[in-house]
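S.K.: Have a look at the structure that comes next, please.
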């Protein structure tokens, strides 16, 4: 996959893989990975007002995707079938088709869309980390390393 720069590409891939393994298997001191956990805030116009959207560093997102790919089955089992974005095959697309069929039904008089508050920033991280430990232990160490601070 990484081969454009010869030996440097292999060294980079090995370093990223070692970092991913460490984050997935060892509790890491948050002060040593502050740069990895950093992100940018982009203002999104939500007329009226502005909503900040946080975008994590590419390397952290890449590592998280790799870990998720390895433990995908465990995450799907923990999330269940109602969480359509938890690795379900074409989950979001299936939800769209289901809503479309519901709307086309003659007995349907309308559909209500509720734009809830920014739920991720409102959740209690301590409780979230505890629930991950109980419901999906295979991804617990990675989630603790990436979200505890």
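Numbering (this note's numbering), first residue to last: 1115 to 1263. Don't be surprised by glycine CBs; every beta carbon is placed ideally from N, CA and C.
What is the DSSP secondary structure of residue 1251, counted as helix, strand or coil?
M.R.: DSSP places residue 1251 in helix when its eight states are reduced to three.
S.K.: Roughly how far, in whole angstroms, is the beta-carbon of residue 1199 from the beta-carbon of residue 1134, given that I think they are within contact range, below 8 Å?
M.R.: The Cβ separation is near 22 Å, so there is no contact.
S.K.: Are the beta-carbon atoms belonging to residue 1250 and residue 1189 less than 8 Å from one another?
M.R.: Yes, these two residues count as a Cβ contact at 8 Å.
S.K.: What is the DSSP secondary structure of residue 1142, counted as helix, strand or coil?
M.R.: It is coil, neither helix nor strand.
S.K.: Start and end of the alpha helix (DSSP H) containing residue 1205?
M.R.: Residue 1205 -> alpha helix (DSSP H) spans 1205 to 1218.
S.K.: With a threshold of 7 Å on Cβ separation, who are the neighbours of residue 1139 within its own chain once the five nearest residues in sequence on each side are excluded?
M.R.: Same-chain partners within the cutoff: 1255.
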